[in-house]
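Chains as they are written, first to last, in this note's numbering: chain A, 1 to 290; chain B, 1001 to 1426.
Using N, Cα and C, we set each Cβ at its ideal position, and we do this for glycine too.
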Amino acid sequence: MFLGTVVYAVINSVILMLMAIGFNLTFGISGVANFAHGALYILSAYVSWMLLNMLGLPFFISALFSILITTLVGALMYRFVLIRVRGQVLSEVIATFGIGLAILELFRYLGFVGFEYTLPVFIDTSFFVAGVYVDMQRILIVVLGAVLVFGLWLFTHHTSLGLAFRGIAQDERTALTLGIDTDWIATLSVSLGAGLAALAATIIIPLGSISPGEGYDVLIKALAVCIIGGLGSTGGVIVASFIIGFAERFTDSYISSHWTMIVSLAAILIVLTMKPSGLFGKQKELEERI
Amino acid sequence: MNRFVVLLSIMAVTIFSFVTPGTNSYAAEPIIIAVPTSLGFLEGKESHRAVQMAVTEINAKGGVTVGGVKRPFKVAAIDIRDAARGVPVTEALLGLEKIILEKKPAAIVVGPFRSEALMAGMDIIAKYKVPMLGTIAMSPGSEKKLKGDPEKYKYVFRTCLNAVHLVKYLAGTMALINKEFGFNKVYVMHQDVAWARATAGFVKKVYFDKAGWEIVGLEAYPTGTSDFSSGLMKARAKGAQVIMPIFDMPQSGILVKQWKTMRVPAIMTGFISPLAGSGAWKIFDKKIGGAINNIFELGSAIDSAKVPQSKIFYDKYKRTYGKALQAGHGPAPSYESVYILAEAIERAGSLDPDAIVAELEKTDRNGVMGRVRYDEGHQAIFGFDPKETAVSTVFQWTKTGKRVIVFPASIAEGKIELPPGLKSLK
């Protein structure tokens, strides 16, 4: 039971990390809090579903197209909307939340509700791990999560584009003086965040189903993880995902599923009380030191 | 001169159109039926469609006779979103009041999705005196409230199954499992909403405790829960032979998938909304063989050759909308409610709400769900024989993807078969 809970807690943590990492990356680089993140996650899932079921494309091609389309939507969102309100935090939040709301409610209005909206698992088998059966999809989620974190580290530390990302994240004005086109990099960061949301949806949705309501859940979970970890910190996202992921599963196993959400919220409150910027955040670093 | 001729022609056409008598059904003012519910949820969407289907059928026959005049029905729907997580009851009530004030309906059909919204909405319904035939919200709390002040709340009827009747079906299925296989250890997993809490509590009180079953676990899951691994691990560790789920949220499909992949050696018997419709076989990759599920009302997502009206309704819905019913709760009573309302209005001979209520109380109709009558709490009476009462159904998914009705005996098509890995104790 204990080992089984640990196994599923790890899986839950990686799922949370995948949901949050795109949101965090966008904020960390461009400073844009993309409140359409959950909607982009659902958008990509519905696009995959449509390509798969309406056009009859193979799943992997549908998934690839949906990731590309969602990435493009992210870029367009920045070029046509966010660029005009860049730097005005409240306007950015309202604009992105509005776009997200429009996407989700449009699908609801068009009748995309029902249990048939789901995506197939990649490989349909399960393994006996630490005393419990775990399906291949969940194992793939953990593997993808690890690969993604390593890939992002390589990208941001060993490619010129990645270094430009880090440059604008550290100091946008200085990056500008060094010839980095900050608007272009910000566009890429929003689109990359959208693409990561789509990637997460492609691998997580087969465990459940697609519904507009899921978009709000994903946004809330991503926000919770990023706030605990510290907005903009990839390391923070990883640690926070594991804190919430383990808290949820252990509460579920040893207290009651009824308390799962409360314990998670309590974890957020405790962390924020002790460190208002989150575990690895820097927004209020100076105030915290003083 | 030309302008004068044109003007004269327009005047002539206008006057002609006013003085020419038309057929009663087109000239008469339509009777508005309001459908305020969670249209974005499957049960709400398909119930709304079932209402529209019944209205189309009635209108095709000329409409409803009120005081000697044939009047058509007209449906006005509003999405009150009460089933969505995080939507406060007050917001749902605003939608309910809005449609009453703006559309001036003669009656409401389907109504609030969540019992929490229904209970609070009963005061609005009483305030505006609009008869309501609810077909989704299930908590018996509304009947208790009605019985507490019948004169005030008499406008509220429920045509669908309620939690009390669902308990009879769940208890009946458990008794059958106990009799056939000797199982008596159950793990209860339910959604943390009023009707599901009430149902789980009632089954424990009226059946499990009295019949000597051991409840090895009872878990309430917040709406939106998407991981049931801990509960399933506990069910396995505690040796549960039966898992009784009670859920109506879309995410509950994950429970079935996890039950299958985690290979929990227990039979799943209860209600999981995504498992009800024929489409579940494909959705769950043909791996739900053995699972037993409740369909709350015969006709909703399943039909029976033993009740021909259920087959006619089920088939017609598929022809009309190009897709079979998937919601195991709502559509059949919604369809029936329109006919019950039409008959009550015709008997009353007016749209006076008190007169309609008086006639609704006298309802005795053989239809899709069997025989429909209301009790003193204005709840449709459910039993086990469609000739005597309305009926619910319990079916089992076979290994080949067919749904076989196993309970009640009056409409059963086969016997319960155990899924692989689970052996009978008898």
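Practice task
For chain A, find out if any of its Cβ atoms is closer than 9 Å to the Cβ of K1045(B); answer yes or no.
Solution key: Within the second sequence, residue 1045(B) is the residue found at index 45, counting from 1. Yes - at least one Cβ of chain A is within 9 Å of the one on K1045(B).
Problem - Beta-carbon proximity of V225(A) to A197(A), cut-off 9 Å - result: The residue given as residue 225(A) occupies position 225 in the first sequence. The residue given as residue 197(A) occupies position 197 in the first sequence. Not a contact, by the Cβ cut-off of 9 Å.
Exercise for the section: Could you check which residue in T1389(B), I1416(B), A1409(B) and H1378(B) has the C-alpha nearest to that of G1148(B)? Expected result: Looking up residue 1148(B) in the second sequence gives position 148. Considering only T1389(B), I1416(B), A1409(B) and H1378(B), the residue with the shortest C-alpha distance to G1148(B) is H1378(B).
Exercise for the section: Would you verify that the beta carbon of Y353(A) is, or is not, closer than 9 Å to some beta carbon of chain B? Expected result: Beyond the ends of chain A as shown, which are 1 and 290, falls residue 353(A); an answer cannot be given.
Practice task
Spell out whether any CB of chain A is found under 9 Å from the CB atom of R1263(B).
Solution key: To locate residue 1263(B), count along the second sequence from 1; it is residue 263. Closer than 9 Å: yes.
Practice task
Note down, in chain order, each residue of its chain lying with its Cβ closer than 6 Å to the Cβ of V1164(B), except the 5 sequence neighbours on either side.
Solution key: Within the second sequence, the letter at position 164 stands for residue 1164(B). Closer than 6 Å at the Cβ level, and outside the excluded window around V1164(B), lie P1140.
Problem - 3-residue-minimum beta strand (DSSP E) runs that sit fully inside the segment 1307-1378 of chain B, ordered along the chain - result: Along the length of the segment 1307-1378 of chain B, whole beta strand (DSSP E) runs at least 3 residues long occupy 1365-1367 and 1370-1372, reported in chain order.
Practice task
Could you spell out where the alpha helix (DSSP H) holding R79(A) opens and where it closes?
Solution key: The residue given as residue 79(A) occupies position 79 in the first sequence. No alpha helix (DSSP H) holds R79(A); DSSP gives it neither H nor E.
Exercise for the section: Could you please give the first and the last residue of the uninterrupted beta strand (DSSP E) stretch that includes L1133(B)? Expected result: As a working mapping, residue 1133(B) is identified with position 133 in the second sequence. Residue range M1132 to G1134 is occupied by the beta strand (DSSP E) that includes L1133(B).
Handout entry: 8 Å Cβ shell around L1298(B) - same chain, five flanking residues per side excluded
Key = Working through the second sequence from its first residue, we reach residue 1298(B) at position 298. Hits under 8 Å: S1304, V1307, S1310, A1332, V1368, M1369, G1370, P1386, A1390, V1391, S1392, T1393 and I1411.
Handout entry: Of the residues A1200(B), G1212(B) and C1160(B), the one placed nearest N1429(B), counting alpha carbons only
Key = With chain B covering only 1001 through 1426, there is no way to say anything about residue 1429(B).
Exercise for the section: Drop a sphere of 10 angstroms on the beta-carbon of G229(A), count the other beta-carbons inside from all chains shown, and report buried for 16 or more, exposed for fewer. Expected result: Within the first sequence, the letter at position 229 stands for residue 229(A). Buried, because 16 or more other Cβ atoms sit within 10 Å of the Cβ of G229(A).
Problem - Reference Q1258(B), options R1236(B), L1101(B) and R1373(B), closest by Cα - result: Here residue 1258(B) corresponds to residue number 258 of the second sequence, with the count starting at 1. Selection R1236(B), L1101(B) and R1373(B) evaluated against Q1258(B) yields R1236(B) as nearest (Cα-Cα).
Practice task
Could you work out which residues of chain B lie near G74(A), taking near to mean beta carbons separated by less than 8 Å?
Solution key: Counting from 1 along the first sequence, the entry for residue 74(A) is found at position 74. Residues of chain B passing the Cβ test: none, with the nearest at roughly 24 Å.
Exercise for the section: Say whether chain A places a C-beta atom closer than 9 Å to the C-beta of L1042(B). Expected result: As a first step, residue 1042(B) must be located in the second sequence, where it is residue number 42. When Cβ-Cβ separations below 9 Å define contact, L1042(B) makes contact with chain A.
Exercise for the section: Decide yes or no for the touch test of the segment 1153-1163 of chain B against the segment 1325-1340 of chain B: beta carbon pairs closer than 8 Å, at least 3 of them. Expected result: Touching, yes, given that three or more Cβ pairs across the two stretches are closer than 8 Å.
Problem - Own chain partners of L40(A) with C-beta closer than 6 Å, once the 5 adjacent residues on each side are dropped - result: Counting from 1 along the first sequence, the entry for residue 40(A) is found at position 40. The answer, listed in chain order, is T70, A194 and A197.
Handout entry: Straight-line gap, T174(A) to N34(A) (C-alpha atoms, nearest Å)
Key = Sequence index remark: in the first sequence, residue 174(A) carries index 174 (1-based). Sequence index remark: in the first sequence, residue 34(A) carries index 34 (1-based). The straight-line gap from Cα to Cα measures roughly 24 Å.
Exercise for the section: In angstroms with no decimal places, state the Cα-to-Cα distance between Y1221(B) and G1231(B). Expected result: Residue mapping note: residue 1221(B) aligns to position 221 of the second sequence, counting from 1. Residue mapping note: residue 1231(B) aligns to position 231 of the second sequence, counting from 1. For the pair Y1221(B) and G1231(B), the Cα-to-Cα distance works out to about 10 Å.
Exercise for the section: Measure the alpha-carbon distance for V1242(B) versus I220(A) and round it to whole angstroms. Expected result: If you number the second sequence from 1, residue 1242(B) lands on position 242. If you number the first sequence from 1, residue 220(A) lands on position 220. In this structure, the alpha-carbon of V1242(B) lies about 34 Å from that of I220(A).
Exercise for the section: Run through the segment 1022-1067 of chain B for me and flag every whole alpha helix (DSSP H) of 4 or more residues, listed as ranges in chain order. Expected result: Fully contained in the segment 1022-1067 of chain B are the following alpha helix (DSSP H) runs of length 4 or more, in chain order: 1024-1027 and 1042-1060.
Exercise for the section: Determine the chain B residues that contact M1(A) at a beta-carbon separation under 7 Å, and present them in chain order. Expected result: Residue mapping note: residue 1(A) aligns to position 1 of the first sequence, counting from 1. Those within 7 Å of M1(A) in chain B are M1233 and A1237.
Problem - Residues near T260(A) in its chain [Cβ-Cβ closer than 7 Å; skip 5 each side] - result: Taking the first sequence and counting its residues from 1, one reaches residue 260(A) at position 260. Excluding sequence neighbours, T260(A) sits near E248, T251 and D252.
Exercise for the section: Kindly list, in the order they appear in chain A, the residues whose Cβ is closer than 7 Å to that of E1417(B). Expected result: The residue you call residue 1417(B) lines up with position 417 of the second sequence. Ordered by position in chain A, no residue passes the 7 Å Cβ test against E1417(B), which lies about 22 Å from the chain.
Handout entry: Interface positions of the segment 8-25 of chain A facing chain B (Cβ-Cβ less than 7 Å), listed along the chain
Key = Under the 7 Å Cβ criterion, the segment 8-25 of chain A contributes Y8 and N12.
Handout entry: Element boundaries [alpha helix (DSSP H), containing W1397(B)]
Key = Counting from one through the second sequence, the residue named residue 1397(B) turns up at place 397. Per DSSP, W1397(B) belongs to no alpha helix (DSSP H); it is in the beta strand (DSSP E), T1393 to W1397.
Problem - Own chain partners of A36(A) with C-beta closer than 6 Å, once the 5 adjacent residues on each side are dropped - result: As a first step, residue 36(A) must be located in the first sequence, where it is residue number 36. Cβ neighbours of A36(A) within its own chain (closer than 6 Å, five residues either side excluded): T96, I99 and G100.
Practice task
Verify the CB distance criterion: does D1375(B) have a CB-CB separation below 9 Å to chain A?
Solution key: If you number the second sequence from 1, residue 1375(B) lands on position 375. With 9 Å as the cut-off, D1375(B) does not count as an interface residue toward chain A.
Exercise for the section: Locate the beta strand (DSSP E) running through A1220(B), then write down its first and last residues. Expected result: Sequence index remark: in the second sequence, residue 1220(B) carries index 220 (1-based). For A1220(B), the uninterrupted beta strand (DSSP E) run begins and ends at E1214 to Y1221, by DSSP.
Practice task
Could you tell me the boundaries of the beta strand (DSSP E) in which K1074(B) lies?
Solution key: Residue mapping note: residue 1074(B) aligns to position 74 of the second sequence, counting from 1. Looking at the DSSP string, the run of the beta strand (DSSP E) that includes K1074(B) is F1073 to D1079.
Handout entry: Helix, strand or coil at N1294(B) [DSSP, three-state]
Key = For the purposes of this step, residue 1294(B) is taken as residue 294 along the second sequence, with counting starting at 1. N1294(B) falls in the strand class under three-state DSSP.
Handout entry: Closest Cα partner of Q88(A) within the set S30(A), Y117(A), F127(A) and I227(A)
Key = The sequence position of residue 88(A) within the first sequence is 88, counting from 1. Nearest to Q88(A) by alpha-carbon distance, out of S30(A), Y117(A), F127(A) and I227(A), is S30(A).
Handout entry: Buried or exposed (CB count within 10 angstroms, at least 16 for buried), A130(A)
Key = Within the first sequence, the letter at position 130 stands for residue 130(A). With fewer than 16 other Cβ atoms within 10 Å, it is exposed.
Handout entry: Distance between M1249(B) and G1289(B) (C-alpha atoms, nearest Å)
Key = Position 289 of the second sequence, counted from the first residue, corresponds to residue 1289(B). Position 249 of the second sequence, counted from the first residue, corresponds to residue 1249(B). So the two alpha carbons sit approximately 21 Å from each other.
Problem - Under 8 Å (Cβ pairs) to chain A, residues found in the segment 1313-1339 of chain B - result: Per Cβ criterion, the list reads Q1326.
Practice task
Could you please give the first and the last residue of the uninterrupted alpha helix (DSSP H) stretch that includes S189(A)?
Solution key: On the first sequence, position 189 is the one that residue 189(A) refers to. Going by DSSP, S189(A) is part of the alpha helix (DSSP H) stretching over T182 to I204.
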